[in-house]
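Q:
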Amino acid sequence: MTERNKKMDKQKIIFLVLSCLVAVTLWIFVDVTGGELVEIEIKDIPIEYLSTDTVLAQRGLMLLEEGTTQTVDVKLVATRWNSTSLDRSAVRASADLIDVTETGTQRVTISIFYNNEAEGITKKSTSPSMATVNIGELYHKEVEVRCERVGTVAEGYSAGELQLSPSVVEIRGQQEDIDPVSYVKVVLNYDNATSTVTEDLEFQYYDENDQLLSGEGIHPTVDTITATLPVNVTKELTLTMDFLESPGARLRNVEYNIEPRSILVSGDADLLRDVETIVLDEFDLASLDDNTRYSYTIPLPEGCENLSGVTKATLTISFKDMKSVPLTTTRIQCENVPAGKTASILTEQLTVIIFGTSADVDAVTGDDLVAVADLTDFSAAAGTYTVPVTIRSEKGDLGVSGTYQIRVTLRDGQEETPDQEEPPEEETPSGGETGEPSPT
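When you line the sequence shown up against the working numbering, it's residues 16 to 455, in that order.
This is the structure:
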């Protein structure tokens, strides 16, 4: 055999192998994407009944378990390829009772649902084809909620009044199931409690002889009861004031006393955990005058009880050392003069009353005081105005009694500075005088 013939034989073998692979691939593709259909059977799918607690209850009807279809078997059809995308656990069944209007045994349509990704899948059949439902007359009544408390609170704490929400429960069902129920009971457990206990509790049914009932056939409108047991603590709280300080009126220069010094309160342990004082009110020390006694109603933290019974407190307060004197200053200034304006101060001196300790007051003269007028709000103004001033002291910790004003004239144009060139003086006519404007 020639070399050429051997080469051709190898090519034929490779071609045959590739042809077989292509054929097998096409066969598999056709088999899974089209052609033969496969059947998928899923058994015992629970049926979810819709509109039972809404439409059906409003009509005075209820679904009875006895005689009602609970599960359904379903057969689905799909290509072999599409069947692989089906999540069997996601297949569910439901039946809507919205059209049910009377009691008795009836048949309703079953709807089958599966995951959206499962395309190309159709329902072949269900078994049973329709659900049988047994509809009875709804009977309902309200019963009280009782709570059994198990446990203790910590030493130094006390339990408040137990709160149950709701305190009554509506139960529904057939009359023979509902009538024996006298009350429902929850059990609240707590041990050495130091704060309020709140829990959502499941309940059980009891008859009038305190015998536990099975609860079969009984449908409550709520699933749990919220039980709240306030845990209170008794605590002594100190009465205080919120003193506001200012120059010349400092807390270090004050003697004061609050009577009573403290009161005994009882309240929620969580609320009072970080509370040590009760603030009676704010007190501005700058307003302290000859009146040295003040009375305040004692405010209580929310939800607390005043065990002391005292509802008012008295503040006695006075300065240890306080002196006030009038001083006259000629240091009067303006700040924040608007751009393009000039300000002329007409007031030449100002007498103000200062106060503080004797040492601070005696160390100050009028030359240490500066009266400052803020012209920020006069950007569009011209003419003469009365402007309030702030009195600043360059020595000591001093306060100022009263309010003070000065007279200021505002004109358009910048005030000349030493760097600006002055215009040449005009010659005075022979025999004439140059005079200043007369004050008005």
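Backbone N, C-alpha and C fix where the C-beta goes; we use that ideal spot for every residue, glycine too.
Per DSSP, what are the beta-bridge partners of Gln420 in this structure?
A: Pro403, per the DSSP bridge assignment.
Q: Mind checking whether Ser104 and Tyr64 have CB atoms under 9 Å apart?
A: No, these two residues do not count as a Cβ contact at 9 Å.
Q: Starting from the C-beta of Asp206, find all residues in its chain whose C-beta is less than 6 Å away, skip the five residues before and the five after it, and write them out in chain order.
A: Gly166.
Q: Using C-beta distances below 6 Å, list every residue in its chain close to Val294, excluding the 5 sequence neighbours before and after it, in chain order.
A: Correct list, in chain order: Thr255, Asp257.
Q: How big is the Cα-Cα spacing for Thr84 and Thr147?
A: Approximately 5 Å between the Cα atoms of the pair.
Q: For Leu31, collect the residues of the same chain with a Cβ closer than 6 Å to its Cβ; drop the 5 residues on either side in sequence, then sort them by chain order.
A: Here the set comprises nothing.
Q: Alpha carbon to alpha carbon, how far is Val106 from Val47? Give it in angstroms, no decimals.
A: Confidence at Val47 is low in this model, with a pLDDT of 49, below 50, so the placement of that residue is unreliable and no value is reported for it.
Q: At a cut of 8 Å, does the stretch 175-183 reach the stretch 232-246 through at least three beta carbon pairs?
A: Verdict: yes, contact present.
Q: Per DSSP, what kind of secondary structure is Pro433 in: helix, strand or coil?
A: Here the model assigns Pro433 a pLDDT of 44, short of 50, so the residue's position is not dependable and the matter cannot be decided.
Q: Can you grab the Cα-Cα spacing for the pair Asp215 / Leu266, in whole Å?
A: For Asp215 and Leu266, the distance between alpha carbons rounds to 52 Å.
Q: Is it right to say Pro245 is buried, meaning 16 or more other beta carbons lie within 10 angstroms of its own, or is it exposed?
A: Result: buried.
Q: Could you check the C-alpha separation between Phe218 and Glu80 for me, to the nearest Å?
A: Taking the straight line from one Cα to the other gives about 22 Å.
Q: Is the beta carbon of Thr253 less than 9 Å from the beta carbon of Ser281?
A: Cβ distance not < 9 Å, so Thr253 and Ser281 don't count as in contact.
Q: Drop a sphere of 10 angstroms on the beta-carbon of Pro235, count the other beta-carbons inside from all chains shown, and report buried for 16 or more, exposed for fewer.
A: Answer is buried; the Cβ neighbour count reaches 16.
Q: Whole angstroms are fine: how far does the CA of Thr94 sit from the CA of Phe128?
A: Distance between the alpha carbons of Phe128 and Thr94: 18 Å.
Q: Quick one, which of Leu36, Thr124, Leu425, His155 has its alpha-carbon nearest Ala397's?
A: Answer by Cα proximity: Leu425.
Q: Which residue wins for smallest C-alpha separation from Asn66, given the options Thr116, Trp96, Val89?
A: The question names Asn, yet the displayed sequence has Ser at residue 66. Measuring from the Cα of Ser66, the nearest candidate turns out to be Thr116.
Q: For a test of the three-state rule: what should DSSP assign to Asn268, helix, strand or coil?
A: Helix.
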